[in-house]
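Visitor: Handing you this structure, nothing more for now.
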Amino acid sequence: MRSRSNQAVEWLAAAATDPRACKRQWHADNGTAVLASGRFWDVLSVPEELGLLALDVLLRNPRQEPGPTLCDFAAHRVGFFLPPDPDSRWVGTGIRYAGRGAWIAAPPPNRVTGFLRWLVPPDGSGTLYLPTAVELALQEATGLLATLLGPVASRPPDGAVATTGTVRPTHGRPRGPGVPDNDSGPQ
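Terminal number for the sequence shown in our numbering: 210, no gaps in between.
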């Protein structure tokens, strides 16, 4: 029987065009591989402050098994891995959705240091976040940010959703100006 760590490596590498080359890239100097979204998972990437608060909300929910969560501390982004949904569109300031046709940079599942690292590594079983759970966590995190910033703040933190808006998935509707249809994930 394979270890959970090996299962996670195999599961994540399966999203690569060439899984063997992917594993070699993980052992190379920078230890990062480019993986295709939309086959096994999609990635919802949000600004770091919002994502870290939303992750805290998700981890406190005993009914929600945590899915893989990737953080790019250089780009100040957090990525939540969701089931693939070709019709999904997420609306919100600073929200990026990497689905079919998009690519993300990913370290090996056991990386917990560096600028690009896993906050919640893949477990190898295919566990992903439920989109509704992530939506609710992002809304709660937005409310927390609004409370923390208070009325004296001239603007929300970089990329945070406006306090009167919501972060929500939509189906088949455009995502709004300035938000590309495909993104390279949690950059």
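Backbone N, C-alpha and C fix where the C-beta goes; we use that ideal spot for every residue, glycine too.
#1: Mind checking whether S60 and I118 have CB atoms under 7 angstroms apart?
#2: Please identify the residue among W141, L151, T116, R123 whose C-alpha is closest to the C-alpha of P70.
#3: Skipping 5 residues on each side, what residues in its chain have a beta carbon closer than 8 angstroms to that of S28?
#4: Alpha carbon to alpha carbon, how far is P144 from W49? Give it in angstroms, no decimals.
#5: Suppose the cutoff is 6 angstroms on Cβ atoms and the five residues either side in sequence are ignored; what does the same chain contact list for R123 look like?
#6: Would a C-beta distance cut-off of 7 angstroms place L35 and G90 closer than the cut-off?
#7: If you scan the stretch 44-124 from start to end, which runs of the alpha helix (DSSP H) of 4 or more residues do you find wholly inside it?
#8: Could you compute how far the alpha carbon of V101 sits from the alpha carbon of W141?
#9: Give a yes or no on whether the C-beta atoms belonging to L139 and D95 are separated by under 7 angstroms.
#10: Just the Cα atoms here: how many angstroms apart are L167 and L93?
#11: Would A129 and A31 be called neighbours here (beta carbons separated by less than 7 angstroms)?
#12: Could you tell me if G137 is buried or exposed, where buried requires 16 or more neighbouring beta carbons within 10 angstroms of its beta carbon?
Guide: The answer reads as follows:
#1: Your numbering for residue 60 matches position 37 in the sequence shown. Your numbering for residue 118 matches position 95 in the sequence shown. Not in contact: S60 and I118 (Cβ atoms no closer than 7 angstroms).
#2: Stepping through the sequence shown from its first residue, residue 70 is reached at position 47. If we check each option's Cα against that of P70, T116 comes out closest.
#3: Locating residue 28 in the sequence shown gives position 5, where the first residue counts as 1. Same-chain partners within the cutoff: P132, N133, G147.
#4: Taking the first residue of the sequence shown as position 1, residue 49 is located at position 26. Taking the first residue of the sequence shown as position 1, residue 144 is located at position 121. Looking at the two C-alpha atoms, the distance is approximately 15 angstroms.
#5: For the purposes of this step, residue 123 is taken as the residue at position 100 of the sequence shown. G61, P109, listed in sequence order.
#6: In the sequence shown, counting from the first residue as 1, residue 35 sits at position 12. In the sequence shown, counting from the first residue as 1, residue 90 sits at position 67. Cβ atoms of L35 and G90: not closer than 7 angstroms.
#7: 71-82
#8: On the sequence shown, position 78 is the one that residue 101 refers to. On the sequence shown, position 118 is the one that residue 141 refers to. Roughly 9 angstroms separates the two Cα atoms.
#9: As a position in the sequence shown, residue 139 is number 116, starting the count at 1. As a position in the sequence shown, residue 95 is number 72, starting the count at 1. Taking 7 angstroms as the Cβ cut-off, L139 and D95 qualify as a contacting pair.
#10: As a position in the sequence shown, residue 167 is number 144, starting the count at 1. As a position in the sequence shown, residue 93 is number 70, starting the count at 1. Straight-line Cα distance between these residues: approximately 22 angstroms.
#11: Taking the sequence shown and counting its residues from 1, one reaches residue 129 at position 106. Taking the sequence shown and counting its residues from 1, one reaches residue 31 at position 8. No. Outside cutoff.
#12: Position 114 of the sequence shown holds residue 137. Label assigned to G137: exposed.
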